[in-house]
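K.L.:
Each number in this note's numbering corresponds to the 1-based position in the sequence shown with 106 added.
Questions regarding the structure given below will be posed in turn.
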Amino acid sequence: KMAAAPGAFSLREVLAAFQACVTEQREVLLGPYLQGWRGLVRFLNGLGAIFSFISKDAVTKIQIMESYCGGERREEYRTLQSMVSYELSRGLVDLQRRSSHPDSGCRTILRLHRALRWLQLFLEGLRTARQDASTSAICTDSYNASLAAYHPWVVRKAAVVAFCALPSRDAFLEVMNVGGPEEAVEMLGDALPHIRDVYGITQELYEQHCLVGVA
Ligand code: 1PX
Numbered sequence: 107k108m109a110a111a112p113g114a115f116s117l118r119e120v121l122a123a124f125q126a127c128v129t130e131q132r133e134v135l136l137g138p139y140l141q142g143w144r145g146l147v148r149f150l151n152g153l154g155a156i157f158s159f160i161s162k163d164a165v166t167k168i169q170i171m172e173s174y175c176g177g178e179r180r181e182e183y184r185t186l187q188s189m190v191s192y193e194l195s196r197g198l199v200d201l202q203r204r205s206s207h208p209d210s211g212c213r214t215i216l217r218l219h220r221a222l223r224w225l226q227l228f229l230e231g232l233r234t235a236r237q238d239a240s241t242s243a244i245c246t247d248s249y250n251a252s253l254a255a256y257h258p259w260v261v262r263k264a265a266v267v268a269f270c271a272l273p274s275r276d277a278f279l280e281v282m283n284v285g286g287p288e289e290a291v292e293m294l295g296d297a298l299p300h301i302r303d304v305y306g307i308t309q310e311l312y313e314q315h316c317l318v319g320v321a
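Put into structure tokens, the structure is as follows:
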């Protein structure tokens, strides 16, 4: 078993951010939510340049959100709940078609939220798959069951081609840097309920406000 590279970061800390973002009142804090995405992007970049078209889009969306969270109205962007009520009450969301507010927080988070569903399915797949399972097959299945529905053909093609570059399940668990495969699987088991929770709270909030299809 390979020792963790010094200075290398562990996916354990990255996923812990999704635990930290749910408050006792079941609000989702945007700070740790975006921090979680930052860590995932860092991890994705470590997997190779073939994934950079994916990480670039994720970074663009994280940056849009970070500028709201550090901007003049930062108080309104403390939680997902406060963001939704602020943007909707001020008419800052283009619901049907992108026009005067093309980069609202609501539409930007929705893209990350859909990707979080992919992440949940993918990690669940990794956790429960046989040792000799193919990571790229797990990834393709999770993608087809989630994000693919929102992507045009050309993006779907590029994504599936990139997935072929993923290492084997064991090698993948290794680069997660949480210890051996058993430890990695255990960590995923601990982290997944929190990811599911964040996904569920967001989904419910978006359904209540008819935001699940925002342009
Ligand atoms: C141990 C697992 C850790 C793996 C970490 C992987 C982090 C993945 C981060 C992915 C973030 C993807 C965000 C995509 C958001 C999106 O759907 N954007 C599209 C729509 O946005 P728009 O502004 O146009 O309405 C946009 O068109 C997307 C373009 C880029 C292609 C997106 C392909 C997404 C594949 C997600 C799977 C990542 C595979 C990682 C392999 C481990």
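Don't be surprised by glycine CBs; every beta carbon is placed ideally from N, CA and C.
Hey, Gln226 and Arg275: beta-carbon distance below 9 Å or not?
P.N.:
Locating residue 226 in the sequence shown gives position 120, counting from the first residue. Locating residue 275 in the sequence shown gives position 169, counting from the first residue. Cβ atoms of Gln226 and Arg275: not closer than 9 Å.
K.L.:
For the ligand 1PX, is there any heavy atom lying closer than 8 Å to the beta carbon of Ile215?
P.N.:
Residue numbering aside, residue 215 sits at position 109 when the sequence shown is read from its first letter. Ile215 Cβ: outside cutoff for every heavy atom of the ligand 1PX.
K.L.:
Does the beta-carbon of Trp259 have 16 or more other beta-carbons within 10 angstroms, so that it is buried, or is it exposed?
P.N.:
For the purposes of this step, residue 259 is taken as the residue at position 153 of the sequence shown. Trp259 is exposed by the Cβ-count criterion.
K.L.:
Between which two residues does the alpha helix (DSSP H) holding Asn151 run?
P.N.:
Counted from its first residue, the sequence shown places residue 151 at position 45. Element bounds for Asn151: 136 to 152.
K.L.:
Report the option in Gln131, Leu146, Arg132 whose CA atom is closest to the CA atom of Leu121.
P.N.:
Here residue 121 refers to the residue found at position 15 when the sequence shown is read from its first residue. Nearest of Gln131, Leu146, Arg132 to Leu121, Cα basis: Leu146.
K.L.:
When you measure from the CB of Phe269 to every non-hydrogen atom of the ligand 1PX, does any distance come out below 8 Å?
P.N.:
Counting from 1 along the sequence shown, the entry for residue 269 is found at position 163. Yes - the ligand 1PX has a heavy atom lying nearer than 8 Å to the Cβ of Phe269.
K.L.:
Leu232 and Leu186 - do their beta-carbons sit closer together than 9 Å?
P.N.:
Numbered from its first residue, the sequence shown carries residue 186 at position 80. Numbered from its first residue, the sequence shown carries residue 232 at position 126. Their beta carbons are not under 9 Å apart, which means Leu186 does not touch Leu232 by this criterion.
K.L.:
Do Met171 and the ligand 1PX come close, with the Cβ less than 8 Å from some heavy atom?
P.N.:
For the purposes of this step, residue 171 is taken as residue 65 along the sequence shown, with counting starting at 1. Checking the Cβ of Met171 against the ligand 1PX gives no.
K.L.:
Hey, does Leu153 have any beta-carbon neighbour from chain D nearer than 9 Å?
P.N.:
Absent from the structure is chain D; it holds one protein chain and no more.
K.L.:
Can you grab the Cα-Cα spacing for the pair Phe149 / Tyr256, in whole Å?
P.N.:
Taking the sequence shown and counting its residues from 1, one reaches residue 149 at position 43. Taking the sequence shown and counting its residues from 1, one reaches residue 256 at position 150. Using only the alpha carbons, I get a separation of about 23 Å.
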